[in-house]
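A.B. asks: Per the UniProt record's numbering, the sequence shown starts with residue 1, numbered consecutively. We put the CB at the ideal spot given by N, CA and C, even for glycine. Since the structure is predicted, the reported quantities are computational estimates derived from the model, not experimental observations. My questions will all concern the structure given below.
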Amino acid sequence: MDGPISSNELDSLNKNLEVLILRRNCLTGPLPIQDLISFKNLKVLDLSKNNFKGSVPQIIGLMSSLSALSLAENNLTGFLPSKGFCELKGLQELDLSQNAFEGPLPHCFTNLSSIKVLDLSMNQFKGDISFIISNFTSLQYMSLKDNEFEGKLSLSLLANHSELEIIELGNMGKMDVETENSNWTPNFQLKVLQLSNCNLNKLSGNIPTFLSHQYRLKVVDLSHNNLRGNFPNWLLQKNAGLEVLNLRNNSLVGQLSLPPHQNNSICWYDLSNNQLTGQVGEDIGRKLPSIEYLNLSRNYFDGTIPSSFCNMSNLGQLDLSFNFFYGEIPKELIAGCIDLYALKVSNNKFEGEILATTFNLTNINYLSLEDNHFSGTVSNVIARSSFMRMLDISNNNISGEVSWISNMTQLSTVLMYNNFLRGRLPCQLGETYFLDISHNSLSGPLPSCSNNLGYIVLQGNKFTGPIPYAFLNSSYLLTLHMRDNLLSGTIPNSLQALSNLRVLLLGSNQLNGSIPNHICNLNKVSLMDLSHNKFSGIIPRCINNISFGKFGMYDQIYILTNFYFEVEKSTTCTYGNFLVRIHDYANVAEYTKLVEVEFVTKGRPRSYVGNIINYMSGLDLSCNNLTGEIPHEIGDLGSLHAANLSHNHLKGSIPKIFSHLSQIESLDLSYNRLSGEIPSELLNLHFLEVFSVAYNNLSGKTPEIKAQFGTFDRSSYEGNLYLCGLPLENKCSSIGESPKSSSSSEVKDTKWYKIDIADFYPTFIASYIMFFLVSIAVLYMNLS
Numbered sequence: 001m002d003g004p005i006s007s008n009e010l011d012s013l014n015k016n017l018e019v020l021i022l023r024r025n026c027l028t029g030p031l032p033i034q035d036l037i038s039f040k041n042l043k044v045l046d047l048s049k050n051n052f053k054g055s056v057p058q059i060i061g062l063m064s065s066l067s068a069l070s071l072a073e074n075n076l077t078g079f080l081p082s083k084g085f086c087e088l089k090g091l092q093e094l095d096l097s098q099n100a101f102e103g104p105l106p107h108c109f110t111n112l113s114s115i116k117v118l119d120l121s122m123n124q125f126k127g128d129i130s131f132i133i134s135n136f137t138s139l140q141y142m143s144l145k146d147n148e149f150e151g152k153l154s155l156s157l158l159a160n161h162s163e164l165e166i167i168e169l170g171n172m173g174k175m176d177v178e179t180e181n182s183n184w185t186p187n188f189q190l191k192v193l194q195l196s197n198c199n200l201n202k203l204s205g206n207i208p209t210f211l212s213h214q215y216r217l218k219v220v221d222l223s224h225n226n227l228r229g230n231f232p233n234w235l236l237q238k239n240a241g242l243e244v245l246n247l248r249n250n251s252l253v254g255q256l257s258l259p260p261h262q263n264n265s266i267c268w269y270d271l272s273n274n275q276l277t278g279q280v281g282e283d284i285g286r287k288l289p290s291i292e293y294l295n296l297s298r299n300y301f302d303g304t305i306p307s308s309f310c311n312m313s314n315l316g317q318l319d320l321s322f323n324f325f326y327g328e329i330p331k332e333l334i335a336g337c338i339d340l341y342a343l344k345v346s347n348n349k350f351e352g353e354i355l356a357t358t359f360n361l362t363n364i365n366y367l368s369l370e371d372n373h374f375s376g377t378v379s380n381v382i383a384r385s386s387f388m389r390m391l392d393i394s395n396n397n398i399s400g401e402v403s404w405i406s407n408m409t410q411l412s413t414v415l416m417y418n419n420f421l422r423g424r425l426p427c428q429l430g431e432t433y434f435l436d437i438s439h440n441s442l443s444g445p446l447p448s449c450s451n452n453l454g455y456i457v458l459q460g461n462k463f464t465g466p467i468p469y470a471f472l473n474s475s476y477l478l479t480l481h482m483r484d485n486l487l488s489g490t491i492p493n494s495l496q497a498l499s500n501l502r503v504l505l506l507g508s509n510q511l512n513g514s515i516p517n518h519i520c521n522l523n524k525v526s527l528m529d530l531s532h533n534k535f536s537g538i539i540p541r542c543i544n545n546i547s548f549g550k551f552g553m554y555d556q557i558y559i560l561t562n563f564y565f566e567v568e569k570s571t572t573c574t575y576g577n578f579l580v581r582i583h584d585y586a587n588v589a590e591y592t593k594l595v596e597v598e599f600v601t602k603g604r605p606r607s608y609v610g611n612i613i614n615y616m617s618g619l620d621l622s623c624n625n626l627t628g629e630i631p632h633e634i635g636d637l638g639s640l641h642a643a644n645l646s647h648n649h650l651k652g653s654i655p656k657i658f659s660h661l662s663q664i665e666s667l668d669l670s671y672n673r674l675s676g677e678i679p680s681e682l683l684n685l686h687f688l689e690v691f692s693v694a695y696n697n698l699s700g701k702t703p704e705i706k707a708q709f710g711t712f713d714r715s716s717y718e719g720n721l722y723l724c725g726l727p728l729e730n731k732c733s734s735i736g737e738s739p740k741s742s743s744s745s746e747v748k749d750t751k752w753y754k755i756d757i758a759d760f761y762p763t764f765i766a767s768y769i770m771f772f773l774v775s776i777a778v779l780y781m782n783l784s
């Protein structure tokens, strides 16, 4: 079914209908409550997973026969009606999850004393919730997560809710959940406790002590709460059926103790980002053989990887990154964990040749080995990994060639920077979208073939020759980073076809010729570096066509800064009449790689990582042979943060329109042939932190020492012979143009041309008479 529900369709149904389930259709329009109130015997109404819009009408209160109502996963908005729901006193199940409801819950919600299943999750509800839920003594399932509820909520209010099995209160940053404010013993036995990111026990930081009375737990999620104290080893010991334990991003200390007996239930174990120490028990694989996901990253574990990992035959994801593990990766790990598809051991002290032919990486999808001491070459074992999507071997001691990339049909992300790789870059790069092979020893010409690359980072190699036309034939390209190579020739015409390009870094090569006008077609570029080349000619006047961070409302295209691979695990079960998801945990950050761009600004190289790239803009044309005047059009680039035109042969004056560079933080015009005065309008550049016009032919007075210009020292102005005023030592004359002499013969009168009229006329007459007499004498001598 799709579209709005017509009255005729509902009228055709039996008026004695007790159950109406219209779940998972494409129904639209407002809720058809007006047409449903005539069904006087209707007990179960399920309109979930459609596209209904608008608010819930007050007349829903007339459907008093309802015992179960689900409006979940629609596009419903607004406040809940002040009386409507409150008339449904026989309601036992209410699911309003995954909509856009807002505001506080009606006070008369307390009338719903028979409620057993309450799911309000993933909305925008606000206000205090404690006075309502304390009255729901029949509750079995309660999910309020991902809302904006406020105040404090003590779980002791639920102590007498003896049937309660599911509590989900996660991701409510405005509410503080407290469990330690009173001595209480629960009358319930929970199956699921989800208290992630809810300021749990904000003052004490304690693990909830009431958990020591729980023996039927299947899911415990206390992540992102900054809990302190020793790791609760007793949770596993007291709950033999525990399947999921998520304690990530807390401040727990101590060692990881394993249960005394084999636990075949636990399948999801996340202890990442704590302060756990010591070695991982040698028999972890035998004690926890059913683990599917194990994350011990960002702790202080050390020692070697236990060989018993091979007993975890169901292990799919293993993350040991950011610890102090050392030694080699056991071959048994790869051989025994036949379902392993994601392995992350980055930022440790591992060594050896994990990429050797003895390893079987056939089923690996994501392999992250960066920042270790791995050595050897990349063998054909990688090429046989037909399912691999991400490979990160950066910051190691790996050598060899990279021709194997051509055979990787599924590989989309390749990070191999800071190694000892050599040879040529292969022509065909398969499905590779992100390629960072910077700071190696690759050489030769760039491949002359097109690819689907979105990010190319080849910095710090030895690539030679011109930039091939076909190499730039990718409409997906967002970042082109080929700085610090030996590339030569001119900028190819094909560059203008990169309509989505955001970052262009070609600095420190041997490129020559003029900067072509077609570069102005790259109107989405925000960072451009053409410095340290041999470009000549003028700066294109059309340069203001390039956005440099300034976008229209519908033109903004963000650089994709996170390369992540979502791995989700959830469990559903039936509560009453609805299929509800009792826990849902996704691992979207485990294989995240942030894009990093280095750009010279404020006088030194700076790294811009992640989303900050979207807010940085800069132009660097320094250290070339550019001539002519600075185009006034650069002044139109109001979103530009950094501009460097230094070390060229530019002449003429500094454009006054530069005062329109309202976001500029770094402006370097030094080492050129600029003349004239420094425009006083530049005082309007309120964000300027670095400024240099040194070593030009500027004259006149330096800008007034105020605002940002009060922070610049004489190094910003030195090397201009006719420039005067603070912070330079040269003082200005009163006419404000020429430096004043500082010798001891300095006269008190500032006008060097002043004439004493009283002495002028007698002297002039005497000189005239003398000139006349001498002329007569000369004529007389010539006649004789």
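Around the C-beta of S251, are 16 or more other C-beta atoms found within 10 angstroms, so that it is buried, or is it exposed?
C.D. replies: Stepping through the sequence shown from its first residue, residue 251 is reached at position 251. Answer is exposed; the Cβ neighbour count stays below 16.
A.B. asks: Would you identify the three-state DSSP class for T409, choosing helix, strand or coil?
C.D. replies: If you number the sequence shown from 1, residue 409 lands on position 409. Correct three-state label for T409: coil.
A.B. asks: Taking 7 Å as the cut-off, decide whether the C-beta atoms of L36 and L69 are in contact.
C.D. replies: Locating residue 36 in the sequence shown gives position 36, where the first residue counts as 1. Locating residue 69 in the sequence shown gives position 69, where the first residue counts as 1. Cβ distance not < 7 Å, so L36 and L69 don't count as in contact.
A.B. asks: Would you decide whether Y476 is buried or exposed? Buried here means 16 or more other CB atoms lie within 10 Å of its CB.
C.D. replies: Working through the sequence shown from its first residue, we reach residue 476 at position 476. Flag for Y476 reads exposed.
A.B. asks: Between S55, P679, A643, which lies nearest to F709 when the distance is taken from Cα to Cα?
C.D. replies: Numbered from its first residue, the sequence shown carries residue 709 at position 709. It is P679 whose Cα lies nearest to the Cα of F709.
A.B. asks: Is it buried or exposed, H647, if we count other Cβ atoms within 10 angstroms and call 16 or more buried?
C.D. replies: Here the question's residue 647 lines up with position 647 in the sequence shown. Buried is the call here.
A.B. asks: How far does the alpha helix (DSSP H) with F131 in it reach, from first residue to last?
C.D. replies: The count along the sequence shown starts at 1 and reaches residue 131 at position 131. From DSSP, the alpha helix (DSSP H) with F131 extends over 130-133.
A.B. asks: Please go through the same chain and pick out, in chain order, the residues whose beta-carbon is closer than 6 Å to the beta-carbon of S653, but skip the five residues on each side of it.
C.D. replies: Against the sequence shown, residue 653 aligns to sequence position 653. G676, listed in sequence order.
A.B. asks: From which residue to which residue does the alpha helix (DSSP H) around L333 run?
C.D. replies: If you number the sequence shown from 1, residue 333 lands on position 333. Where L333 is concerned, the enclosing alpha helix (DSSP H) stretches over 331-336.
A.B. asks: With distances taken between CB atoms, is the gap from R23 to K40 smaller than 7 Å?
C.D. replies: In the sequence shown, counting from the first residue as 1, residue 23 sits at position 23. In the sequence shown, counting from the first residue as 1, residue 40 sits at position 40. Not closer than 7 Å, so no.
A.B. asks: Do you know whose CA, among F434, L505, S307, lies nearest D392's CA?
C.D. replies: Numbered from its first residue, the sequence shown carries residue 392 at position 392. For the residues F434, L505, S307, the minimum Cα distance to D392 belongs to F434.
A.B. asks: Would you call the CB atoms of S639 and Q663 closer than 7 Å?
C.D. replies: Within the sequence shown, residue 639 is the residue found at index 639, counting from 1. Within the sequence shown, residue 663 is the residue found at index 663, counting from 1. Yes; because the gap between Cβ atoms is below 7 Å, this pair is in contact.
A.B. asks: Just to confirm my understanding: we take K174, look at its own chain, exclude 5 residues before and 5 after, and list those with CB closer than 6 Å. What are they?
C.D. replies: Position 174 of the sequence shown holds residue 174. The residues are E148, E150.
A.B. asks: P104 bridges to which residues according to DSSP?
C.D. replies: Sequence index remark: in the sequence shown, residue 104 carries index 104 (1-based). BP columns for P104 point to K126.
A.B. asks: Tell me, please, which residues DSSP counts as bridged to F350.
C.D. replies: Position 350 of the sequence shown, counted from the start, is the residue given in the question as residue 350. Answer is G327, bridged to F350.
A.B. asks: From S7 to G54, what distance separates their C-alpha atoms?
C.D. replies: The residue labelled residue 7 in the question sits at position 7 within the sequence shown. The residue labelled residue 54 in the question sits at position 54 within the sequence shown. Using only the alpha carbons, I get a separation of about 18 Å.
A.B. asks: Considering just the uninterrupted stretch of the alpha helix (DSSP H) at I33, what are its terminal residues?
C.D. replies: Position 33 of the sequence shown, counted from the start, is the residue given in the question as residue 33. Taken as a continuous stretch (DSSP letters only), the alpha helix (DSSP H) holding I33 covers 33-36.
A.B. asks: Per DSSP, what are the beta-bridge partners of M175 in this structure?
C.D. replies: Residue mapping note: residue 175 aligns to position 175 of the sequence shown, counting from 1. Answer is G151.
A.B. asks: Between which two residues does the beta strand (DSSP E) harbouring D119 extend?
C.D. replies: As a working mapping, residue 119 is identified with position 119 in the sequence shown. Taken as a continuous stretch (DSSP letters only), the beta strand (DSSP E) holding D119 covers 117-119.
A.B. asks: Exposed or buried, what is L181 when buried is set at 16 or more other beta-carbons lying within 10 Å of its beta-carbon?
C.D. replies: The count along the sequence shown starts at 1 and reaches residue 181 at position 181. Looking at the sequence provided, one finds Asn at residue 181 rather than Leu. So N181 counts as exposed.
A.B. asks: Assign V280 to one of two classes, buried (16 or more other C-beta atoms within 10 Å of its C-beta) or exposed (fewer than that).
C.D. replies: As a working note, residue 280 is residue 280 in the sequence shown. Classification of V280: buried, given that the 10 Å Cβ count is 16 or more.
A.B. asks: Should Y300 go down as buried or exposed, given a rule of 16 or more other Cβ atoms within 10 Å for buried?
C.D. replies: As a position in the sequence shown, residue 300 is number 300, starting the count at 1. Its Cβ having fewer than 16 others within 10 Å, Y300 is exposed.
A.B. asks: Apply the 10 Å Cβ neighbour rule to G507 and answer buried if 16 or more other Cβ atoms are within range, or exposed otherwise.
C.D. replies: Looking up residue 507 in the sequence shown gives position 507. Burial call: buried.
A.B. asks: Specify, as a first and last residue, the run of the beta strand (DSSP E) that W268 falls within.
C.D. replies: Residue numbering aside, residue 268 sits at position 268 when the sequence shown is read from its first letter. 268-270 is the span of the beta strand (DSSP E), which, as asked, contains W268.
A.B. asks: Would you kindly report the start and end of the unbroken alpha helix (DSSP H) that includes R286?
C.D. replies: Position 286 of the sequence shown holds residue 286. Its alpha helix (DSSP H) spans residues 284-287.
A.B. asks: Where does K15 land, buried or exposed, given buried means 16+ other C-beta within 10 angstroms?
C.D. replies: For the purposes of this step, residue 15 is taken as the residue at position 15 of the sequence shown. Exposed, since its Cβ has fewer than 16 Cβ neighbours within 10 Å.
A.B. asks: Measure the C-alpha to C-alpha separation of I398 and L667 and round it to an integer number of angstroms.
C.D. replies: Stepping through the sequence shown from its first residue, residue 398 is reached at position 398. Stepping through the sequence shown from its first residue, residue 667 is reached at position 667. So the alpha carbons of these two residues sit roughly 41 Å apart.
A.B. asks: Which of helix, strand or coil does DSSP assign to G710?
C.D. replies: For the purposes of this step, residue 710 is taken as residue 710 along the sequence shown, with counting starting at 1. Of the three classes helix, strand and coil, the one that applies to G710 here is helix, per DSSP.
A.B. asks: Taking the alpha-carbon positions, what's the S265 to G241 distance?
C.D. replies: Here residue 265 refers to the residue found at position 265 of the sequence shown. Here residue 241 refers to the residue found at position 241 of the sequence shown. C-alpha separation (whole angstroms): 5 Å.
A.B. asks: From S130 to S154, what does the alpha carbon distance come to, in whole angstroms?
C.D. replies: Your numbering for residue 130 matches position 130 in the sequence shown. Your numbering for residue 154 matches position 154 in the sequence shown. When rounded, the distance between both Cα atoms is 8 Å.
A.B. asks: Going by Cα to Cα distance, which pick from N419, I334, L80, V402 is closest to L425?
C.D. replies: Numbered from 1 along the sequence shown, position 425 holds the residue referred to as residue 425. Considering only alpha carbons, the answer is V402.
A.B. asks: Below 8 Å CB to CB, which residues in the same chain sit around Y554 once its five sequence neighbours on both sides are set aside?
C.D. replies: Within the sequence shown, numbered from 1, the residue matching residue 554 stands at position 554. Note that Y554 scores 38 on pLDDT, short of 50, meaning its location in the model is unreliable and no value can be drawn from it.
A.B. asks: Suppose the cutoff is 7 Å on Cβ atoms and the five residues either side in sequence are ignored; what does the same chain contact list for E737 look like?
C.D. replies: Counting from 1 along the sequence shown, the entry for residue 737 is found at position 737. Annotation note: pLDDT 49 at E737 (below 50); position unreliable, no value reported.
A.B. asks: Three-state secondary structure (DSSP) at I213?
C.D. replies: Counting from one through the sequence shown, the residue named residue 213 turns up at place 213. For the record, residue 213 in the displayed sequence is His; it is not Ile. In the structure shown, H213 sits in a helix (DSSP, three-state: H, G or I).
A.B. asks: If contacts are defined as beta-carbon pairs under 8 Å, then N311 and G285 qualify, I think. What distance do you get, rounded to the angstrom?
C.D. replies: In the sequence shown, counting from the first residue as 1, residue 311 sits at position 311. In the sequence shown, counting from the first residue as 1, residue 285 sits at position 285. Indeed they touch by this definition, with Cβ atoms about 4 Å apart.
A.B. asks: One question on the structure: do N273 and N249 come within less than 7 Å of each other, judged by their Cβ atoms?
C.D. replies: Within the sequence shown, the letter at position 273 stands for residue 273. Within the sequence shown, the letter at position 249 stands for residue 249. Yes. Within cutoff.
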